[in-house]
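Working notes, structure below.
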Amino acid sequence: MNEQEELINEITGTFALQRVSHSTEELFRSLTDKINDLINTDFNQLIRVLYRIDVSEARLKFLLKENKDTDAAKIIAQLIIERQLRKIKFRRENQQRDNQIDEEEKW
Numbered sequence: 102m103n104e105q106e107e108l109i110n111e112i113t114g115t116f117a118l119q120r121v122s123h124s125t126e127e128l129f130r131s132l133t134d135k136i137n138d139l140i141n142t143d144f145n146q147l148i149r150v151l152y153r154i155d156v157s158e159a160r161l162k163f164l165l166k167e168n169k170d171t172d173a174a175k176i177i178a179q180l181i182i183e184r185q186l187r188k189i190k191f192r193r194e195n196q197q198r199d200n201q202i203d204e205e206e207k208w
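Note that my numbering has the sequence shown beginning at 102, numbered continuously upward.
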């Protein structure tokens with residue numbers, strides 16, 4: 102599975118989105134819609150998901166303050182996508198590192 106497919110799978114699963122095509126633009130639009138819905142109907146759930154994903158609260162507050170004319174859901178969606186991509190890259194790097202260790206050296 103490539104990085105983009107993994108990203109789409111993780112975000113659609115986390116937010117119970119309908120499966121999107123292999124387009125990050127479509128994922129961004131669907132995620133933005135879902136976040137707007139959560140802002141309007143279940144803000145506490147949105148906060149819980151942001152903590153679970155580990156989106157930087159300080160960065161989110163800064164971006165929201167600096168971009169007052171931008172839809173907050175778009176800012177949040179972008180931060181979620183960036184965070185999930187960093188997690189995917191980290192996992193892949195660690196997996197590659199683990200695969201390079203000789204069998205005898207593994208615990």
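Quick reminder that beta carbons are idealized off the backbone N, C-alpha and C, glycines included.
- Selected residue, minimal CA-CA separation from residue 106, among 180, 181, 177, 189: 189
- DSSP three-state call for residue 115: helix, strand or coil? helix
- Drop a sphere of 10 angstroms on the beta-carbon of residue 119, count the other beta-carbons inside from all chains shown, and report buried for 16 or more, exposed for fewer. exposed
- Continuous alpha helix (DSSP H) assignments of at least 4 residues falling wholly in the region 133-188: Whole alpha helix (DSSP H) segments, 4+ residues: 144-154, 158-167.
- Task: Starting from the C-beta of residue 176, find all residues in its chain whose C-beta is less than 8 Å away, skip the five residues before and the five after it, and write them out in chain order.
- Result: 161, 164, 165, 168
- Any idea what DSSP makes of residue 195, helix, strand or coil? helix
- Is it true that the CB of residue 154 sits closer than 8 Å to the CB of residue 193? no
- Message: Can you give me the C-alpha to C-alpha distance between residue 159 and residue 152, rounded to a whole angstrom?
- Response: 12 Å
- Cβ neighbours of residue 140 in the same chain (closer than 8 Å, five flanking residues each side left out): 147, 173, 174
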